[in-house]
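Structure, as structure tokens:
There are 2 protein chains.
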Amino acid sequence: MITVTILGAGNVAFHLYKAFKNAKDVTVKQWYNRTYSDISSYANEVDTIDDLSKLEDADIYIMAVSDDSIASLSRALPFENRLVAHTSGSVSIHDLDKKNQRAVFYPLQTFSKDAELNFSEIPICIEVTEKANLQFMKDLADALGCSAYKINTEQRQTLHLSAVFINNFTNQLYRIAHEISDAKSINFDILKPLIMETARKVQDMSPYMAQTGPAKRNDKKTIKRHLKQIESEEHKAIYELLTASIKKTHNYR
Amino acid sequence: MITVTILGAGNVAFHLYKAFKNAKDVTVKQWYNRTYSDISSYANEVDTIDDLSKLEDADIYIMAVSDDSIASLSRALPFENRLVAHTSGSVSIHDLDKKNQRAVFYPLQTFSKDAELNFSEIPICIEVTEKANLQFMKDLADALGCSAYKINTEQRQTLHLSAVFINNFTNQLYRIAHEISDAKSINFDILKPLIMETARKVQDMSPYMAQTGPAKRNDKKTIKRHLKQIESEEHKAIYELLTASIKKTHNYR
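For the record, the sequence lines run as chains E and D.
Under the UniProt record's numbering, the residues of the first sequence are numbered 1 to 253, in order.
Under the UniProt record's numbering, the residues of the second sequence are numbered 1 to 253, in order.
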């Protein structure tokens, strides 16, 4: 049985808590948060605390806190030589205080408090300072049914950047399509199957191979008509930049 | 039983043929293509022709041909007052020769010849010049198990533009993430669940509500670090423009 103590109460902390709680080979030993009221409603199912001095022994302490709090919280931990991990995509493993054994447990996914999530489909990026802890970290991911990938800090920061393109920027393109279609009283539902299929297609085909459309074909007539249709200068700039990017990828200049 | 004749042999034509062929209330009467060899392998299951004068009676003639060929092919049809539809997202219904009754049957989805597609999940955008044909067009979509939406030409052109943002541009963001992660020897598979979840999230939440990340939070430190990480000037420009767009949407300037 693996014992885990969670620190923090953001989206990742909540999802991790639920996932560990449901994992049969894991016990959540304690849940710490500076602001007690954020976790108090869980007091009947786990030992909830707001005082670091009350932290008991656990196989791993997982800090799911904001990037800026990781270094200071790791310094404030009142013990040494135990295993401490953070869950951030962008913070170096060396930002953790070296009085403890250090690790990273970064679940690469978008977390919202409301959205239900099948945790077992989330890839976990793992890093350790002590090689001996690598297998333990893999076992921990495995206990959640997740695939684990050994990823160093530089790669992890690159993944975090890639995730901004894939999640935040993609979502903004959805938003722009929503604005454009709303302006003509079009039900956004019509576009939802296309959103799904666009994502599904690259699960077993490279994005390069999956590309279609006027930019890929260098269809100047359609591109010109689209630019005439777009009312917002901002949307026009995005259309032009991404069209140029597709053309460059597919060798039109 | 509805009889359908298909004209053309592009991706949409192939997928439509397969979908109509499998629909129990539809018979594919004939399949016409100017270049016979493109459809000759279907000769044993449907009447394949390359001569317009051989076209027989059908309830509807669906032209799934390139945008530029629609007007000329509709003029070349050797009959009058029958129901003729095109499948384009951007061509006006009035580009069809008015000697026939005109309609549009636009399946809003991305089509690749190789990718298997569940046709019943595709929204069909319908337009007619004769109101009496509206129900027939709906029945035709229904025969494929598809949802039908009455969409006029201007709305359809807006949908086509929106689809470029949602499909082509989103796919290019996947491509950029692929390039960025490849450069650090990262397995692209790690990013695939995030691609799916990003799409899934907006199936029951607006893109506005679904947004997360550094631009949404106006997290200048992370944005600055990301810009430093990006090696290509082109990717940097895209990062900056989409970050500014998200900030604008969420009221940071």
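Quick reminder that beta carbons are idealized off the backbone N, C-alpha and C, glycines included.
Assigned exposure category for residue i - 16 Cβ within 10 Å defines buried
{"i": "E:Ala76", "result": "exposed"}
{"i": "D:Glu231", "result": "exposed"}
{"i": "D:Ala23", "result": "buried"}
{"i": "D:His226", "result": "buried"}
{"i": "residue 303 of chain E", "result": "There is simply no residue 303 of chain E to check, as chain E begins at 1 and stops at 253 in what is shown."}
{"i": "D:Ser162", "result": "buried"}
{"i": "E:Glu127", "result": "buried"}
{"i": "D:Gln203", "result": "exposed"}
{"i": "D:Thr35", "result": "exposed"}
{"i": "E:Ser72", "result": "exposed"}
{"i": "E:Asn171", "result": "buried"}
{"i": "E:Gln211", "result": "buried"}
{"i": "D:Asn251", "result": "exposed"}
{"i": "D:His160", "result": "buried"}
{"i": "D:Ala215", "result": "buried"}
{"i": "D:Glu197", "result": "buried"}
{"i": "E:Ala183", "result": "exposed"}
{"i": "E:His94", "result": "exposed"}
{"i": "D:Lys54", "result": "exposed"}
{"i": "D:Gln157", "result": "buried"}
{"i": "E:Lys131", "result": "exposed"}
Residue i versus the options, residue with shortest Cα-Cα distance
{"i": "D:Leu140", "options": "D:Asn152, D:Phe119, D:Leu159", "result": "D:Phe119"}
{"i": "D:Thr48", "options": "D:Lys24, D:Ile6, D:Phe79, D:Asp59", "result": "D:Ile6"}
{"i": "E:Ser41", "options": "E:Ala9, E:Ser92, E:Asp59, E:Asp51", "result": "E:Ala9"}
{"i": "E:Tyr149", "options": "E:Ile2, E:Tyr106, E:Asp50, E:Thr170", "result": "E:Tyr106"}
{"i": "D:Tyr208", "options": "E:Lys220, E:Asn168, E:Gln229, E:Lys201", "result": "E:Asn168"}
{"i": "D:Glu116", "options": "D:Lys247, D:Gln30, D:Leu242, D:Val12", "result": "D:Val12"}
{"i": "E:Val26", "options": "E:Glu121, E:His250, E:Met137, E:Leu108", "result": "E:Met137"}
{"i": "D:Pro123", "options": "D:Leu242, D:Ala43, D:Gly145", "result": "D:Gly145"}
{"i": "E:Ala64", "options": "E:Val46, E:Asp50, E:Asn44, E:Thr87", "result": "E:Thr87"}
{"i": "E:Lys98", "options": "E:Asn81, E:Leu191, E:Leu108", "result": "E:Asn81"}
{"i": "D:Thr249", "options": "E:Lys221, E:Ile190, E:Ala177, E:Lys201", "result": "E:Ala177"}
{"i": "E:Ser206", "options": "D:Asp67, D:Ile246, D:Leu191, D:Leu55", "result": "D:Leu191"}
{"i": "E:Leu173", "options": "E:Lys201, E:Leu241, E:Val104", "result": "E:Leu241"}
{"i": "E:Asn100", "options": "E:Ser90, E:Ala199, E:Ser92, E:Tyr61", "result": "E:Tyr61"}
{"i": "D:Asn187", "options": "E:Ser147, E:Ser181, E:Lys220", "result": "E:Ser147"}
{"i": "D:Gly213", "options": "E:Asp67, E:Leu194, E:Val84, E:Glu130", "result": "E:Asp67"}
{"i": "E:Asp219", "options": "E:Ala244, E:Glu233, E:Leu52, E:Ile39", "result": "E:Ala244"}
{"i": "D:Ser37", "options": "D:Leu83, D:Asp50, D:Thr222, D:Ala237", "result": "D:Asp50"}
{"i": "D:Lys29", "options": "D:Leu16, D:Leu52, D:Phe14, D:Glu56", "result": "D:Glu56"}
Amino acids of chain E, ordered along the chain, whose beta-carbon sits closer than 8 Å to that of residue i
{"i": "D:Phe119", "result": "By Cβ distance, chain E contributes nothing, its closest Cβ being about 11 Å from D:Phe119, past 8 Å."}
{"i": "D:Thr222", "result": "Asp67, Ser90"}
{"i": "D:Ala237", "result": "Leu241"}
Where residue i meets chain D, residues with beta-carbon distance less than 8 Å
{"i": "E:Leu140", "result": "Under the 8 Å cutoff, chain D gives no residues; its nearest Cβ is about 17 Å from E:Leu140."}
{"i": "E:Tyr149", "result": "Asn187, Ile190"}
{"i": "E:Lys216", "result": "Asn168"}
{"i": "E:Gln229", "result": "Gln157, Thr158, Leu161"}
Limits of the alpha helix (DSSP H) - the one that residue i falls within
{"i": "E:Tyr32", "result": "Taken as a continuous stretch (DSSP letters only), E:Tyr32 belongs to no alpha helix (DSSP H), being part of the beta strand (DSSP E) at 26-32."}
{"i": "E:Thr170", "result": "170-182"}
{"i": "E:Tyr149", "result": "Where E:Tyr149 is concerned, there is no enclosing alpha helix (DSSP H), although the beta strand (DSSP E) it sits in stretches over 148-150."}
{"i": "D:Ala19", "result": "11-22"}
{"i": "E:Gln135", "result": "134-143"}
{"i": "E:Leu73", "result": "70-76"}
{"i": "D:Glu197", "result": "192-201"}
Residue interval of the beta strand (DSSP E) (run including residue i)
{"i": "E:His250", "result": "Here E:His250 belongs to no beta strand (DSSP E), and DSSP marks it neither H nor E."}
{"i": "E:Pro123", "result": "No beta strand (DSSP E) contains E:Pro123, which DSSP labels as neither H nor E."}
{"i": "E:Asp47", "result": "47-49"}
{"i": "D:Met63", "result": "60-63"}
{"i": "E:Gln101", "result": "101-107"}
{"i": "E:Thr3", "result": "2-7"}
{"i": "E:Leu83", "result": "83-86"}
Amino acids of chain E, ordered along the chain, whose beta-carbon sits closer than 9 Å to that of residue i
{"i": "D:Met196", "result": "Glu121, Met196, Ala199, Arg200, Gln203"}
{"i": "D:Glu45", "result": "Per Cβ cutoff of 9 Å: no residues; D:Glu45 is ~27 Å from chain E at best."}
7 Å Cβ cut-off: residues of chain E touching residue i
{"i": "D:Glu56", "result": "The premise fails here: D:Glu56 is roughly 33 Å from chain E at the closest Cβ pair, so nothing lies under 7 Å."}
{"i": "D:Tyr208", "result": "Arg175"}
Neighbour list for residue i in chain D, Cβ cutoff strictly below 9 Å
{"i": "E:Gln155", "result": "Ser181, Lys184, Ser185, Ile186"}
{"i": "E:Gly213", "result": "Thr110, Ala163, Val164, Asn167, Asn168, Phe169, Asn171"}
{"i": "residue 261 of chain E", "result": "With chain E represented from 1 up to 253, any question about residue 261 of chain E goes unanswered, as that position is not in the structure."}
{"i": "residue 254 of chain E", "result": "One cannot answer for residue 254 of chain E here, as it falls past the ends of chain E, which runs 1 to 253."}
{"i": "E:Ala103", "result": "The premise fails here: E:Ala103 is roughly 18 Å from chain D at the closest Cβ pair, so nothing lies under 9 Å."}
Under 7 Å by beta carbon: chain D residues contacting residue i
{"i": "residue 276 of chain E", "result": "This structure cannot settle anything about residue 276 of chain E, because the visible part of chain E is limited to 1 through 253."}
{"i": "E:Ala132", "result": "Those do not exist, as E:Ala132 stays about 24 Å from chain D at its closest Cβ, beyond 7 Å."}
Cβ-heavy atom distance, residue i to the ligand ZN, below 6 Å
{"i": "E:Ala19", "result": "Looking for the ligand ZN in the displayed structure turns up nothing, as the structure carries no ligands at all."}
To be precise: take each residue of the segment 169-190 of chain D, compare its Cβ to all Cβ atoms of chain E, and keep it if any distance is under 9 Å. Which residues remain? Phe169, Thr170, Asn171, Gln172, Leu173, Tyr174, Arg175, Ile176, Ala177, His178, Glu179, Ile180, Ser181, Ala183, Lys184, Ser185, Ile186, Asn187, Phe188, Asp189, Ile190
Using a beta-carbon distance cut-off of less than 9 Å, what residues from the segment 66-89 of chain D approach chain E? Asp67, Asp68
Residues of the segment 7-23 of chain E in Cβ contact with chain D at a cutoff of 8 Å, in chain order, please. none
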